[in-house]
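Chemist:
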Amino acid sequence: MQNILSEQNIALTADDVYHCGYDREPVNIGIVHFGPGAFHRAHQAVYTNELLLNGETDWGICEVSINSPSVRDALLPQDNLYTLAILDHSKSYQIIGAIKEILVAPEDPALVIERLCQPQIKVVTLTITEKGYCLTAQGGLDFANAGIVHDLENPTQPQTAIGFLVAGLLARYNKGMAPFVAISCDNVSDNGTRLKTAVIEFARTLDGNFAQWLTNEVKFPCTMVDSITPATNEMICASVAQQTGFKDNWPIQREQFSQWVIEDIPGVELPPWSTVGAILTTNVSGYELTKLRVLNCLHSTLAFIGSFTGLETVEQAIANPILKTFVESLLSEEIFPTLPTVDGLDKVSYGNSIIKRFQNPAICHLLAQIACDSSQKIPYRIIAIIEDNLAMGKNSTKLCLSLAAWMRFVTDKVSTKQLIIDPLAEQLTTIAKLCNGSDADVERFLALEHVFPQHLRENNNFVDTLTQAYSLFNQYGAADISLILTTMKED
1 MQNILSEQNI ALTADDVYHC GYDREPVNIG IVHFGPGAFH RAHQAVYTNE LLLNGETDWG
61 ICEVSINSPS VRDALLPQDN LYTLAILDHS KSYQIIGAIK EILVAPEDPA LVIERLCQPQ
121 IKVVTLTITE KGYCLTAQGG LDFANAGIVH DLENPTQPQT AIGFLVAGLL ARYNKGMAPF
181 VAISCDNVSD NGTRLKTAVI EFARTLDGNF AQWLTNEVKF PCTMVDSITP ATNEMICASV
241 AQQTGFKDNW PIQREQFSQW VIEDIPGVEL PPWSTVGAIL TTNVSGYELT KLRVLNCLHS
301 TLAFIGSFTG LETVEQAIAN PILKTFVESL LSEEIFPTLP TVDGLDKVSY GNSIIKRFQN
361 PAICHLLAQI ACDSSQKIPY RIIAIIEDNL AMGKNSTKLC LSLAAWMRFV TDKVSTKQLI
421 IDPLAEQLTT IAKLCNGSDA DVERFLALEH VFPQHLRENN NFVDTLTQAY SLFNQYGAAD
481 ISLILTTMKE D
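Numbering (the UniProt record's numbering), first residue to last: 1 to 491.
(1) Helix, strand or coil for R24 per DSSP?
(2) Please state if the CB of G277 and the CB of S300 are separated by a distance shorter than 9 Å.
(3) Would DSSP call T486 helix, strand or coil?
(4) Measure the alpha-carbon distance for V261 versus I228 and round it to whole angstroms.
(5) Specify the secondary structure class of V410 as computed by DSSP and reduced to three states.
(6) For G30, does the three-state DSSP call read helix, strand or coil?
(7) Give the list of continuous beta strand (DSSP E) stretches no shorter than 3 residues that lie fully inside the stretch 60-122.
(8) Less than 9 Å between the C-beta atoms of I66 and Q159, yes or no?
(9) Judging by CA-CA distance, which residue of S70, V27, A38 is the nearest neighbour of E50?
(10) Which of the three DSSP states is assigned to D226 in this structure?
(11) Whole alpha helix (DSSP H) runs in the stretch 258-307 with 4 or more residues, listed along the chain?
(12) Confirm, please, whether the CB-CB distance from L280 to E269 is below 9 Å.
(13) Mind reading off the beta-carbon distance from K347 to T290? Whole number of angstroms is fine, and I expect it under 8 Å.
(14) Buried or exposed: where does M407 fall if 16 or more other Cβ atoms within 10 Å of its Cβ makes it buried?
(15) Can you check whether the CB of Q78 is closer than 9 Å to the CB of L5?
(16) Going along the chain, which residues of its own chain have a beta-carbon closer than 6 Å to the beta-carbon of D388, five neighbours each way excluded?
(17) Which residues in the same chain as A478 place their Cβ atom closer than 7 Å to its Cβ, once the five residues preceding and following it in sequence are excluded?
(18) Quick check: what's the CA-CA separation for Y380 versus E334?
(19) Beta-carbon separation of V166 and V199 under 9 Å?
(20) What residue does the alpha helix (DSSP H) around R41 start on, and which one ends it?
(21) Give the DSSP bridge partners of R254, in chain order.
(22) Could you check how far apart the C-beta atoms of I162 and C134 are, in whole angstroms? I think they sit under 8 Å.
(23) Using the beta-carbon count (16 or more within 10 Å), is Q454 buried or exposed?
(24) With 16 other CB atoms within 10 Å as the buried threshold, where does I318 fall?
(25) How many angstroms separate the CA atom of A440 from the CA atom of A178?
(26) Is it buried or exposed, R391, if we count other Cβ atoms within 10 angstroms and call 16 or more buried?
(27) What does the alpha-carbon distance come out to for the pair E56 and G97?
(28) Does the beta-carbon distance from S375 to F409 come in below 9 Å?
(29) When you compare only the Cα positions, how much space is there between A362 and T193?
(30) Just tell me which of S396, R72, S184 has its CA closest to the CA of A469.
(31) Are there 16 or more other CB atoms within 10 angstroms of the CB of D151, so buried, or fewer, so exposed?
(32) Taking 9 Å as the cut-off, decide whether the C-beta atoms of V112 and V71 are in contact.
(33) Tell me the DSSP bridge mates of L12?
(34) Does the distance between the C-beta of A447 and the nearest non-hydrogen atom of the ligand GTP fall short of 8 Å?
(35) Just curious, the alpha helix (DSSP H) that I370 is in, first and last residue?
(36) Please list the segments of the beta strand (DSSP E) lying wholly inside the stretch 391-471, counting only runs of 3 or more residues, in order along the chain.
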């Protein structure tokens, strides 16, 4: 039986076998992170691991899982070690030791709040996905959200990340302690501002003076993160075991490319991530918008249209010459004109690099994974670009084809009795069951206020273009995808 990855087993191996690279014993916990999913462990935890390799021992991570004990249960027998597999045209493997502790919030909320209140905690980071911020379509805190309702009624036993942040900051406020820095690392536009809005609006219902303290003292830097990180599967587990000699319960895989852009706010004490590759800048929004509108928009588009044609991975989708030509024209005609100018970032070169990253033969990035939670992603990845194009007098025919493909993705899931993974799954299922391939289907989807803003629902040019795009997917089958994607012409 193969030895499991652990501190003890690593110590018994030869020098040429993979090691953590530093003594973890003197590492202190200085960071709390909410959402220990694959992306965080392939991204922010790796940057932090590099700091530990450089002797920066004050920045160990306490992970907090909001819902499931699965990560804790998998990594605890491994002393919270795990393997990062870099899969690109060449492969490499690294054992990551930055995680010192994993807490499961529902098991002991008080312990999480206690950890947040410890003076050595300087930074709290989050990867909780768009839905974790509990915001309305208008950007304010959703006071009708079940989790927020619970947390307001039980502020010392929260369920949401927002509730925990407020509870931790309130405890520090009451003790006269300095606050921690709260850093969103999700693919959400203007993520720091959105996190600040949620936290302060929540706090305002508890104590006006406390909310004012938050407004004045707590910093919420915006960030942009990027590295393609597919879900762990049996293949990567087997590969890691073969390469390292250890059984790893939950290794992580990602591409070589990794980017972390952090807002540079004077006076904010952060781990020295900039010394290990993170970018500090006053123009995070430019990087963020470019990434959301290039990589993320193309990802979602390939997920919806690729799924319609029966493809399963990003590599398969971009290898299809029809889809590749379509996304390249989508870039040049509808995305590039909406991008800001960012010093040091050439949008055409960046777009070409994204296409090349999609062609990585070592990454099995499932379209189904990208399509999860699409109702939360579409407003940022697609709708915002359409709004900018409409302001320039363009109808965004290709982006409407992407939206139409999403509608077909949803209706096909329901008609074949497959599970929809989305916060609006119940509403989407109800809509899909009413759909019959007519123009009325589009009206049903447009009624989703969390996805489509009112002014867009009332824009006749947009509605007509989307309706035409949807009709093409119903008129032609997957075998005629070329006809679907070329029948509509850009204005």
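A virtual CB, placed ideally from N, CA and C, is assigned to each residue, including glycine.
For clarity, every value in this text was computed on a predicted model and none was experimentally measured.
Modeler: According to the structure data:
(1) In the three-state reduction of the DSSP assignment, R24 falls in the coil class, being assigned neither a helical nor a strand state.
(2) No Cβ-Cβ contact shorter than 9 Å links S300 with G277.
(3) Correct three-state label for T486: helix.
(4) Rounded to the nearest angstrom, the two C-alpha atoms are 16 Å apart.
(5) In the structure shown, V410 falls within a helical segment according to DSSP collapsed to helix, strand and coil.
(6) In the structure shown, G30 sits in a strand (DSSP, three-state: E or B).
(7) With a minimum length of 3 residues, the unbroken runs of beta strand (DSSP E) contained wholly in the stretch 60-122 fall at 60-65, 82-87, 91-96, 99-104.
(8) Closer than 9 Å, so yes.
(9) The shortest Cα separation from E50 among S70, V27, A38 belongs to V27.
(10) It is a strand residue.
(11) Qualifying alpha helix (DSSP H) stretches, in chain order: 284-291.
(12) No, the pair does not count as a contact, with Cβ atoms beyond the cut-off.
(13) Contact holds; Cβ gap of about 6 Å.
(14) By the 10 Å Cβ count, M407 comes out buried.
(15) Yes, Cβ-Cβ distance for L5 and Q78 is below 9 Å.
(16) Take D388, set aside five residues on each side of it, and the residues of its chain with a beta-carbon closer than 6 Å to its own are T338, in chain order.
(17) Contacts found: F308, T309, G310.
(18) Straight across, the Cα-Cα distance linking Y380 with E334 is about 15 Å.
(19) In this structure, V199 lies closer than 9 Å to V166 by Cβ.
(20) Start and end: 38-42.
(21) Bridge partners of R254: I86.
(22) That pair is a contact at about 6 Å.
(23) The residue in question, Q454, is exposed, as its Cβ has fewer than 16 Cβ neighbours within 10 Å.
(24) With 16 or more other Cβ atoms within 10 Å, it is buried.
(25) Cα-Cα distance, rounded: 55 Å.
(26) The amino acid occupying residue 391 in the given sequence is Ala; Arg does not appear at that position. Burial call: exposed.
(27) Straight-line measurement puts the Cα of G97 at about 13 Å from the Cα of E56.
(28) Their beta carbons are not under 9 Å apart, which means S375 does not touch F409 by this criterion.
(29) Pairing A362 with T193, the inter-Cα distance amounts to about 36 Å.
(30) The option with the nearest alpha carbon to A469 is S396.
(31) So D151 ends up on the buried side.
(32) Cβ distance not < 9 Å, so V112 and V71 don't count as in contact.
(33) DSSP output for L12 lists no bridge partner at all.
(34) For the structure depicted, the ligand GTP is absent and the ligand set is empty, with no information on it obtainable.
(35) Segment 367-371, the alpha helix (DSSP H) holding I370.
(36) Entirely contained in the stretch 391-471, not one beta strand (DSSP E) run reaches 3 residues.
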